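Q:
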Amino acid sequence: ATTVITARKFIELGNLEPLAASLGEDLKLVYLEDVRDGLGWQDKAMALAGTVAPMIVAARPDPDDTAVVLFTSGTEGDPKGVALSHINLVSNVEQAAAHVDIFETDICFNPLPTFHCFGLTGGLLLPLIVGIPAVLHPTPLQAKTIAKRVGETRSTVLFATDTFLNQYARNADKDDLKSLRFAVCGAERVKDETRALVRKMFALDILEGYGATEASPVIAVNQPGRNRSGTVGTLLPGMEAKLEPVEGIENAGRMWVRGPNVMQGYIYTSEPGVIVKPDEGWHDTGDVCSIDEDGFIAIRGRMKRFAKIGGEMVSLAVVENCATSIWPDDLHAAVTLPDPRKGEQIILLTANASADRSEFVAFTRNHGVAELSIPKKIVAVDEIPVLGTGKIDYVAVEKMAKAAIS
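Here our numbering = 1-based position in the sequence shown + 218.
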């Protein structure tokens with residue numbers, strides 16, 4: 219890249235002045251305020267003509283051309299480039315808009331980064347294509363400021379993750395989030411504590427969804443009036459899914475999806491510029507899921523987020539859910555490390571300084587959780603590393619776990 223397009227107001231709101239100064243040493247920074255001030259009468263005349271006859275000024279890309287190359291989050295390994303076409307992105311917007319009630323009176327608030335697909339498609343492209351206002355905030359980390367801006371802009375739809383929404387609710391004044399009709403949450407499981415918190419404080423419903431960068435990204439989402447806790451809703455229109463059996467896991471399988479929103483393909487660092495297409499259009503989500511008779515999808519966990527202990531498959535998500543139930547005010551992350559006797563061992567990192575393994579053992583016994591789900595060791599840390607998307611950085615967590623037990 220040689221040029222960064224931004225806005226002075228955006229940099230000011232995000233307190234990004236040091237970053238802008240650093241980038242400006244090697245790159246050209248183009249500020250939208252300067253572009254606006256430089257518009258002449260010819261530009262304004264062309265814009266006016268475009269409102270009457272949009273095709274005069276509209277770009278005409280081939281729908282199958284690559285629109286963006288985004289990167290997988292890298293929570294479990296090296297990021298891969300994901301090539302998404304114009305038709306992929308527009309399809310996903312139309313699918314989501316048909317699936318979830320979006321009204322012409324809605325205002326979308328998006329604090330999520332647009333270099334990740336949830337923030338790009340849901341928080342920016344959807345309102346632009348549907349034709350409703352979008353309010354962008356440069357960082358999801360300013361909880362107090364974001365809660366206040368939601369109220370000031372009278373936003374009605376909020377895009378967030380569970381972690382961020384929980385922080386916004388805890389830092390909000392009583393009227394800050396009252397204008398919201400619902401919040402759409404993805405990227406991580408929505409905790410019961412977060413649902414209860416926002417419902418009690420703001421009478422706010424959470425529509426939990428599920429997606430992947432490879433699907434532009436929305437695959438499934440709950441709907442107003444058809445919202446089932448513990449699930450990520452039903453497939454979007456035009457999508458199909460199949461479950462591949464997984465040894466040791468009953469009533470669920472590895473989910474593959476196909477639809478017009480599924481990527482053109484991956485771009486690997488070993489072959490720059492080469493797009494490796496998905497076989498027959500099917501994308502392997504890598505997630506173990508179940509689908510009930512009504513089509514609601516429940517995520518059991520990532521294939522990589524299962525430990526094989528003594529020949530049994532153990533979900534690390536279950537371990538983290540137990541920890542959240544015991545210590546609800548803190549963040550927790552479970553990983554596996556090699557074990558010479560059982561094959562693998564579970565290490566739980568927690569931000570709760572007083573967390574004790576005996577509490578975890580007692581909880582599992584009282585709630586009928588399998589003994590294999592008890593971590594071999596619980597390590598208290600100052601902070602659980604989190605990526606800009608709000609997802610836990612499991613690569614960093616694994617390094618911390620290795621250091622803790624070495």
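Every residue gets a Cβ at the ideal spot worked out from N, C-alpha and C, and that includes glycine. What you are looking at is a predicted structure, and each value in this text was computed from that prediction instead of being measured.
What did DSSP end up calling Gly586 once you bin it into helix, strand or coil?
A: In the sequence shown, the residue the question calls residue 586 occupies position 368. Residue state, collapsed to three classes: coil.
Q: Please return the same chain residues whose Cβ sits closer than 6 Å to the Cβ of Lys460, not counting the five positions on each side in sequence.
A: By one-based count along the sequence shown, residue 460 stands at place 242. Trp474.
Q: Note down the Cα distance separating Pro478 from His334, rounded to an integer number of angstroms.
A: On the sequence shown, residue 478 is found 260 positions in, with the first residue counted as 1. On the sequence shown, residue 334 is found 116 positions in, with the first residue counted as 1. Each residue's alpha carbon lies about 19 Å from the other.
Q: Would you call Leu650 buried or exposed, if buried means 16 or more other Cβ atoms sit within 10 Å of its Cβ?
A: Any property of residue 650 remains undetermined from this structure, which presents the chain solely from 219 to 624.
Q: Taking the C-alpha atoms as reference points, what is the distance between Pro490 and Gly608?
A: Along the sequence shown, read from residue 1 onward, the residue named residue 490 stands at position 272. Along the sequence shown, read from residue 1 onward, the residue named residue 608 stands at position 390. Distance between the alpha carbons of Pro490 and Gly608: 28 Å.
Q: Does the beta-carbon of Glu370 have 16 or more other beta-carbons within 10 angstroms, so that it is buried, or is it exposed?
A: Here residue 370 is taken as the residue at index 152 of the sequence shown, counted from 1. The residue is exposed, with fewer than 16 neighbouring Cβ atoms inside 10 Å.
Q: Roughly how many angstroms separate the alpha carbons of Ala267 and Trp259, rounded to a whole number?
A: Stepping through the sequence shown from its first residue, residue 267 is reached at position 49. Stepping through the sequence shown from its first residue, residue 259 is reached at position 41. Near 12 Å, if we compare the C-alpha coordinates of Trp259 and Ala267.
Q: For the alpha helix (DSSP H) that Ala438 lies in, which residues bound it at each end?
A: For the purposes of this step, residue 438 is identified with residue 220 of the sequence shown, where counting begins at 1. First-last for Ala438: 436-439, but that is the beta strand (DSSP E), not the alpha helix (DSSP H).
Q: Compare the C-alpha of Glu411 against each of Thr503, Glu322, Phe581, Trp545 and name the closest.
A: Working through the sequence shown from its first residue, we reach residue 411 at position 193. Of the listed residues, the one whose Cα sits closest to Glu411 is Trp545.
Q: What does the alpha-carbon distance come out to for the pair Ala516 and Leu250?
A: Along the sequence shown, one-based indexing puts residue 516 at 298. Along the sequence shown, one-based indexing puts residue 250 at 32. Each residue's alpha carbon lies about 43 Å from the other.
Q: Taking the straight line between their C-alpha atoms, what separation do you get for Ala569 and Ala405?
A: Here the question's residue 569 lines up with position 351 in the sequence shown. Here the question's residue 405 lines up with position 187 in the sequence shown. Approximately 20 Å, taken between the alpha carbons.
Q: Rounded to the nearest angstrom, what separates Ile467 and Ala552 at their Cα positions?
A: If you number the sequence shown from 1, residue 467 lands on position 249. If you number the sequence shown from 1, residue 552 lands on position 334. In a straight line, the C-alpha of Ile467 is about 19 Å away from that of Ala552.
Q: Could you tell me how far apart the beta carbons of Glu458 and Gly471 are, in whole angstroms, since I believe they sit closer than 8 Å?
A: Counting from one through the sequence shown, the residue named residue 458 turns up at place 240. Counting from one through the sequence shown, the residue named residue 471 turns up at place 253. Actually they do not touch by this definition, with Cβ atoms about 14 Å apart.
Q: Short check: CB of Phe382 to CB of Arg446, under 8 Å?
A: Locating residue 382 in the sequence shown gives position 164, counting from the first residue. Locating residue 446 in the sequence shown gives position 228, counting from the first residue. No; because the gap between Cβ atoms is not below 8 Å, this pair is not in contact.
Q: Just curious, the beta strand (DSSP E) that Gly471 is in, first and last residue?
A: For the purposes of this step, residue 471 is identified with residue 253 of the sequence shown, where counting begins at 1. That run of the beta strand (DSSP E) goes 471-476.
Q: Using a 10 Å radius around the Cβ and a threshold of 16 neighbouring Cβ atoms, would you call Ala621 buried or exposed?
A: By one-based count along the sequence shown, residue 621 stands at place 403. Its Cβ having fewer than 16 others within 10 Å, Ala621 is exposed.
Q: When you compare each of Pro442, Ala238, Ile437 to Gly456 by their alpha carbons, which one comes out closest?
A: As a working mapping, residue 456 is identified with position 238 in the sequence shown. Gly456 has its Cα closest to that of Ile437, out of Pro442, Ala238, Ile437.
Q: Could you tell me the distance, in whole angstroms, from the CA atom of Gly232 to the CA atom of Ala361?
A: Along the sequence shown, read from residue 1 onward, the residue named residue 232 stands at position 14. Along the sequence shown, read from residue 1 onward, the residue named residue 361 stands at position 143. Cα to Cα, Gly232 sits roughly 12 Å from Ala361.
Q: Taking the alpha-carbon positions, what's the Val494 to Gly429 distance?
A: Looking up residue 494 in the sequence shown gives position 276. Looking up residue 429 in the sequence shown gives position 211. Between Val494 and Gly429, the C-alpha separation is close to 20 Å.
Q: Going by beta carbon distance, what residues of the same chain come within less than 7 Å of Asp394, once the five residues before and after it are set aside?
A: Here the question's residue 394 lines up with position 176 in the sequence shown. Same-chain partners within the cutoff: Ala365, Lys366, Val368, Gly369.
Q: In the structure shown, what three-state DSSP assignment does Ala573 receive?
A: Numbered from its first residue, the sequence shown carries residue 573 at position 355. Reduced to three states, the DSSP call for Ala573 is coil.
Q: Out of Thr431, Asp502, Val506, which one is the CA nearest neighbour of Asn310?
A: Locating residue 310 in the sequence shown gives position 92, counting from the first residue. If we check each option's Cα against that of Asn310, Thr431 comes out closest.
Q: Just curious, the beta strand (DSSP E) that Met419 is in, first and last residue?
A: What you label residue 419 is simply residue 201 of the sequence shown in a count that begins at 1. Met419 -> not in any beta strand (DSSP E); alpha helix (DSSP H) instead, spanning 410-420.
Q: Please identify the residue among Val287, Asp261, Leu307, Gly299 whose C-alpha is closest to the C-alpha of Val281.
A: The residue labelled residue 281 in the question sits at position 63 within the sequence shown. According to the sequence as given, residue 281 is Pro; it is not Val. Answer by Cα proximity: Leu307.
Q: Could you tell me which whole alpha helix (DSSP H) segments of length 4 or greater appear in the stretch 235-315?
A: For the stretch 235-315, whole alpha helix (DSSP H) runs of length 4 or above, ordered along the chain, are 235-241, 250-255, 259-270.
Q: For a cutoff of 8 Å on Cβ pairs, would you count Val450 as touching chain C?
A: Annotation note: the requested chain C is absent from the structure, which comprises a single protein chain.
Q: If you check the beta carbons only, do Arg399 and Val375 fall under 8 Å apart?
A: Counting from 1 along the sequence shown, the entry for residue 399 is found at position 181. Counting from 1 along the sequence shown, the entry for residue 375 is found at position 157. Yes, the Cβ-Cβ distance between Arg399 and Val375 is below 8 Å.
Q: Using DSSP with H/G/I as helix, E/B as strand and the rest coil, what is Pro345?
A: Here residue 345 refers to the residue found at position 127 of the sequence shown. Three-state result, Pro345: helix.
Q: Is the stretch 341-351 touching the stretch 591-607 in the sense that three or more CB pairs, one from each, lie closer than 8 Å?
A: In short, these stretches do not touch, since the Cβ pair count stays below three.
Q: Looking at the strands, I want to know which residues DSSP matches up with Tyr612.
A: Here residue 612 corresponds to residue number 394 of the sequence shown, with the count starting at 1. Paired residues: none, contrary to the question.
Q: For the putative contact between Arg413 and Ser397, defined by C-beta atoms under 8 Å, what is the C-beta separation to the nearest angstrom?
A: In the sequence shown, counting from the first residue as 1, residue 413 sits at position 195. In the sequence shown, counting from the first residue as 1, residue 397 sits at position 179. Not really, about 19 Å apart at Cβ, beyond 8 Å.
Q: Do you know how far the Cα of Lys560 is from the Cα of Gly529?
A: Here residue 529 refers to the residue found at position 311 of the sequence shown. Here residue 560 refers to the residue found at position 342 of the sequence shown. If you take the alpha carbons of Gly529 and Lys560, they lie about 8 Å apart.
Q: Nearest-angstrom Cα distance between Arg226 and Asp600?
A: Numbered from its first residue, the sequence shown carries residue 226 at position 8. Numbered from its first residue, the sequence shown carries residue 600 at position 382. If I take the Cα positions, the gap works out to 34 Å.
Q: Determine the contact status of Val402 and Phe420, defining contact as a CB-CB distance below 8 Å.
A: The sequence position of residue 402 within the sequence shown is 184, counting from 1. The sequence position of residue 420 within the sequence shown is 202, counting from 1. Taking 8 Å as the Cβ cut-off, Val402 and Phe420 do not qualify as a contacting pair.
Q: Check for me: the alpha helix (DSSP H) holding Leu231 runs from which residue to which?
A: Position 13 of the sequence shown holds residue 231. Counting along the chain, the alpha helix (DSSP H) containing Leu231 begins and ends at 226-231.
Q: If you draw a straight line from the C-alpha of Thr224 to the C-alpha of Phe327, how long is it?
A: Taking the sequence shown and counting its residues from 1, one reaches residue 224 at position 6. Taking the sequence shown and counting its residues from 1, one reaches residue 327 at position 109. Taking the straight line from one Cα to the other gives about 19 Å.
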